[in-house]
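Quick note on numbering: the sequence shown equals residues 1 to 123 in UniProt numbering.
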Amino acid sequence: MTDIEPSNVPVYETDAERQMLWERNAGDGQPVLVIRNARRGWIVRYDLSHLDAELRPEAVQCLRDQVGDRRPYPTGTDPISQAEGVGGEAGPISGDLHESSERAARELAAYVSRFVFDREHWT
């Protein structure tokens, strides 16, 4: 699998739901890609730590650049701030990317899945 449809990205609200999703994905040998329904928005979360893998540096940079390009607001206010540009953190092992709606979070998660699930992007 190299990507996931927006409607197939699991959403969680509680710690128990989060734990269940992490355990299920870890048991399947797949990266974790989920959406957290938080009090102030939606957070797309990915995690490869349980796989002893990480995204290649060029894949991380491409992910950051392309996620930043998808943002509907100017992201250049602070040119040093990666968090501002991508709307959160996007690292080689894990990331938390914020969105304002469930629909936007699902679309972003589907986009991020192209990087996270493609083992050609891993080291």
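Virtual Cβ for every residue (Gly too), placed ideally from N, Cα, C.
(message) Tell me which residue opens and which closes the beta strand (DSSP E) that VAL67 is part of.
(response) Residue mapping note: residue 67 aligns to position 67 of the sequence shown, counting from 1. Per DSSP, VAL67 belongs to no beta strand (DSSP E); it is in the alpha helix (DSSP H), 57-70.
(request) May I ask which residues mark the beginning and end of the alpha helix (DSSP H) holding ALA90? (result) Translated into positions along the sequence shown, residue 90 becomes position 90. Looking at the DSSP string, ALA90 is not in any alpha helix (DSSP H); the run it does join, the beta strand (DSSP E), is 88-90.
(request) Could you tell me if ARG106 is buried or exposed, where buried requires 16 or more neighbouring beta carbons within 10 angstroms of its beta carbon? (result) One-based indexing of the sequence shown puts residue 106 at position 106. Buried, since its Cβ has 16 or more Cβ neighbours within 10 Å.
(request) Taking ARG45 as the reference, give the member of GLY88, ASP3, GLU23, MET20 with the closest Cα. (result) Looking up residue 45 in the sequence shown gives position 45. Nearest option by C-alpha distance: GLY88.
(message) What residue range does the beta strand (DSSP E) around GLN94 cover?
(response) Counted from its first residue, the sequence shown places residue 94 at position 94. Checking the displayed sequence, the identity of residue 94 turns out to be Ser instead of Gln. That run of the beta strand (DSSP E) goes 94-99.
(message) Can you list, in chain order, the residues of its chain with a C-beta nearer than 8 Å to that of SER81? Leave out the 5 residues immediately preceding and following it.
(response) Position 81 of the sequence shown, counting from 1, holds the residue named residue 81. Because SER81 sits at a pLDDT of 46, beneath the cut-off of 50, its placement in the model cannot be relied upon, and the point is left open.
(request) Starting from the C-beta of VAL32, find all residues in its chain whose C-beta is less than 6 Å away, skip the five residues before and the five after it, and write them out in chain order. (result) Sequence index remark: in the sequence shown, residue 32 carries index 32 (1-based). Excluding positions up to five away in sequence, the list reads TRP22, ASN25, ASP47.
(request) Count the C-beta pairs between the stretch 6-22 and the stretch 94-110 that are closer than 8 Å, then say yes if the count reaches three, no if not. (result) Below 8 Å, enough C-beta pairs join the stretch 6-22 and the stretch 94-110 to call them touching: three or more.
(request) Please list, in chain order, all residues of the same chain as SER101 whose beta carbon is under 7 Å from its beta carbon, the five residues on each side excluded. (result) Here residue 101 refers to the residue found at position 101 when the sequence shown is read from its first residue. Here the set comprises TRP42.
(request) Identify which residue in VAL67, ILE4, TRP122 has its Cα closest to the Cα of VAL34. (result) Position 34 of the sequence shown holds residue 34. The residue with the shortest Cα to Cα distance from VAL34 is ILE4.
(message) Considering just the uninterrupted stretch of the beta strand (DSSP E) at ASP47, what are its terminal residues?
(response) Looking up residue 47 in the sequence shown gives position 47. Element bounds for ASP47: 41-47.
(message) Considering just the uninterrupted stretch of the alpha helix (DSSP H) at ASN37, what are its terminal residues?
(response) Stepping through the sequence shown from its first residue, residue 37 is reached at position 37. Unbroken run through ASN37 is the beta strand (DSSP E), 32-38; no alpha helix (DSSP H).
(message) Relative to the C-alpha of PRO92, which candidate in ALA53, ALA110, SER113, ASP118 has its C-alpha closest?
(response) As a working note, residue 92 is residue 92 in the sequence shown. Per the Cα distances, ALA53.
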